[in-house]
Amino acid sequence: EKASDRRIFRKFGSHRFLHLNVSKDVWKGDVIDIIDKGNDDLPFICGRKYGFLWCKATKSPQCYVFFAEAGIGIEKEEEFTSDEVREWCAPFKFNYDLSISKEQKRIKLSFSKTTPSGVLPPNCLELVPDIVCSEGGMVMTDGCGLISRDGIDFVWCSYKKYIQARESEYVQWNEKSGGDCQESSDDESLEDDVCPYTSFQGRIGGFKGMWVLDERLGDGIKVLCRYSQRKVNLPMRSFLSFSDECEKMGIHLKESDFDDLYDTV
Numbered sequence: 004e005k006a007s008d009r010r011i012f013r014k015f016g017s018h019r020f021l022h023l024n025v026s027k028d029v030w031k032g033d034v035i036d037i038i039d040k041g042n043d044d045l046p047f048i049c050g051r052k053y054g055f056l057w058c059k060a061t062k063s064p065q066c067y068v069f070f071a072e073a074g075i076g077i078e079k080e081e082e083f084t085s086d087e088v089r090e091w092c093a094p095f096k097f098n099y100d101l102s103i104s105k106e107q108k109r110i111k112l113s114f115s116k117t118t119p120s121g122v123l124p125p126n127c128l129e130l131v132p133d134i135v136c137s138e139g140g141m142v143m144t145d146g147c148g149l150i151s152r153d154g155i156d157f158v159w160c161s162y163k164k165y166i167q168a169r170e171s172e173y174v175q176w177n178e179k180s181g182g183d184c185q186e187s188s189d190d191e192s193l194e195d196d197v198c199p200y201t202s203f204q205g206r207i208g209g210f211k212g213m214w215v216l217d218e219r220l221g222d223g224i225k226v227l228c229r230y231s232q233r234k235v236n237l238p239m240r241s242f243l244s245f246s247d248e249c250e251k252m253g254i255h256l257k258e259s260d261f262d263d264l265y266d267t268v
């Protein structure tokens with residue numbers, strides 16, 4: 004069975020994440036002993052060294068997520084600590100004001116199921132204010148941004164390409180395994196390069212929400228994100244005002260760890 008498609012899995016590999024479910028009946032002291040170990044005393048499981056990464060906010064069983072830092076099947080250049088993975092999810096130098104509880108919620112975004120739908124070109128994403136009701140101050144555009152016709156068509160074509168490639172790969176794997184699975188993308192709309200929809204829900208870097216087609220944005224790939232959609236600051240090439248944001252925070256662009264996954268819809 005294939006692992007769920009998540010941004011953090013595409014970056015580091017789903018095989019490196021260990022989910023440990025602990026009943027509420029287990030003494031918390033034992034749990035702390037497991038997750039609060041020093042680097043020289045990390046647990047080894049099946050020949051791999053695991054460091055504590057993240058804790059899901061559940062009641063019981065409580066889920067603790069560990070990351071395989073080194074060991075069998077992990078090349079030297081692929082070795083990362085759990086702290087480095089956490090830093091990739093929410094870089095501290097761009098998010099120094101996050102509380103621990105907020106950081107845990109932001110890390111959760113990297114584990115949500117997504118379908119990669121294209122890497123946005125540089126300087127196509129702009130941050131714009133939300134529309135706020137004059138009476139009561141209610142945010143009328145909470146979590147809702149805008150996208151141009153060329154932008155939504157780009158996302159649609161990239162989405163189709165990924166889905167078709169993934170299904171073709173699965174069919175080939177299944178045939179080698181002696182199965183009889185057939186490709187299931189028989190939707191006629193997948194053959195059209197013009198997106199038949201007017202909106203999509205997803206993630207773009209540190210932004211989360213829905214993007215709605217706005218023909219008034221004209222030609223070219225243009226994406227407008229609202230402040231209410233920004234959950235975490237990430238160094239994105241597609242972010243038009245990223246250099247201005249860096250300047251405000253006293254951070255030089257050359258110090259930013261750009262990653263295509265940050266700019267992937």
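Each residue of the sequence shown is one higher than the last, beginning at 4 in the numbering used here. Glycine included, C-beta positions come from ideal geometry on N, C-alpha and C.
Item: Nearest-angstrom Cβ-Cβ length linking Val122 and Asp266, presumed shorter than 8 Å; Value: 5 Å
Item: Bridge partners - Glu106, DSSP secondary structure assignment; Value: Answer is none; Glu106 lacks a bridge partner.
Item: Endpoints, alpha helix (DSSP H) assigned at Cys271; Value: Nothing about residue 271 can be read from this structure; the chain reaches only from 4 to 268.
Item: Opening and closing residue of the beta strand (DSSP E) in which Ser202 lies; Value: 202-207
Item: Exposure label - Ser102; buried when at least 16 CB within 10 Å; Value: exposed
Item: Range covered by the beta strand (DSSP E) that runs through Arg229; Value: 226-229
Item: Among Lys225, Ser17, Ser120, the one whose alpha carbon lies nearest that of Gln167; Value: Ser120
Item: Terminal residues of the alpha helix (DSSP H) in which Val88 lies; Value: 85-92
Item: Own chain, CB closer than 7 Å to Thr117, minus 5 neighbours either side, in chain order; Value: Asp8, Arg9, Arg10, Gly205, Arg206
Item: Phe114, DSSP secondary structure in three states; Value: coil
Item: Closest by C-alpha distance to Val226, when choosing among Trp214, Asn236, Val29; Value: Trp214
Item: Residues of its chain near Ser161, where Cβ-Cβ distance is below 6 Å and the 5 sequence neighbours each way are ignored; Value: Ser120, Gly121
Item: Alpha carbon of Lys164 to alpha carbon of Gly32, nearest angstrom; Value: 49 Å
Item: Lys59 - DSSP class collapsed to helix/strand/coil; Value: coil
Item: Local Cβ density within 10 Å of Pro94, reported as buried at 16 or more and exposed below that; Value: buried
Item: Residues bridged to Lys211 (per DSSP); Value: Arg206
Item: Per-residue DSSP class, three states only, for Cys147; Value: strand
Item: Candidates Lys211, Arg240, Arg233, of which the one nearest Asp262 by Cα; Value: Arg240
Item: Cross-strand partners of Arg9 (DSSP beta bridge); Value: Lys116
Item: Distance between beta carbons of Tyr230 and Gly130, contact taken as under 8 Å; Value: The question names Gly, but residue 130 is Leu in the sequence shown. 7 Å between Cβ atoms; contact.
Item: Where the beta strand (DSSP E) containing Leu23 begins and where it ends; Value: 20-25
Item: For Glu129, the first and last residue of its enclosing beta strand (DSSP E); Value: 128-131
Item: Ile224 and Asp145 closer than 8 Å at C-beta; Value: no
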